[in-house]
Amino acid sequence: MFSLRVFFCFLAVSVHVASGMYDPDEVLDLPGMSFKPNYRQWSGYLKASSGKFLHY
């Protein structure tokens, strides 16, 4: 019983760590950019109010 509990705890931690690696708003390449930048950048929208969004 204890080993089953440890297994599920390990599984839950593994899923949590793996889900943190997915970042849908990260910009990986831009049109016309022929080099890979040495920094990370993101782009997306934040909901400000009903029908209003802020771009970042």
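Read in order, the letters of the sequence shown correspond to residues -20 to -1, 1 to 36 in mature numbering (1 follows the signal peptide of the UniProt record, and there is no 0).
The beta carbon of each residue, even a glycine, is placed where N, CA and C say it ideally should be.
The structure displayed is predicted, hence computed values, not measured ones.
The alpha carbon of ARG20 has as its nearest neighbour, out of PRO4, ARG(-16), VAL(-15), MET(-20), the alpha carbon of PRO4. Inter-residue distance for GLY12 and SER30 is about 35 Å (C-alpha atoms, whole angstroms). Secondary structure at PHE(-19): helix, using DSSP grouped into helix, strand and coil.
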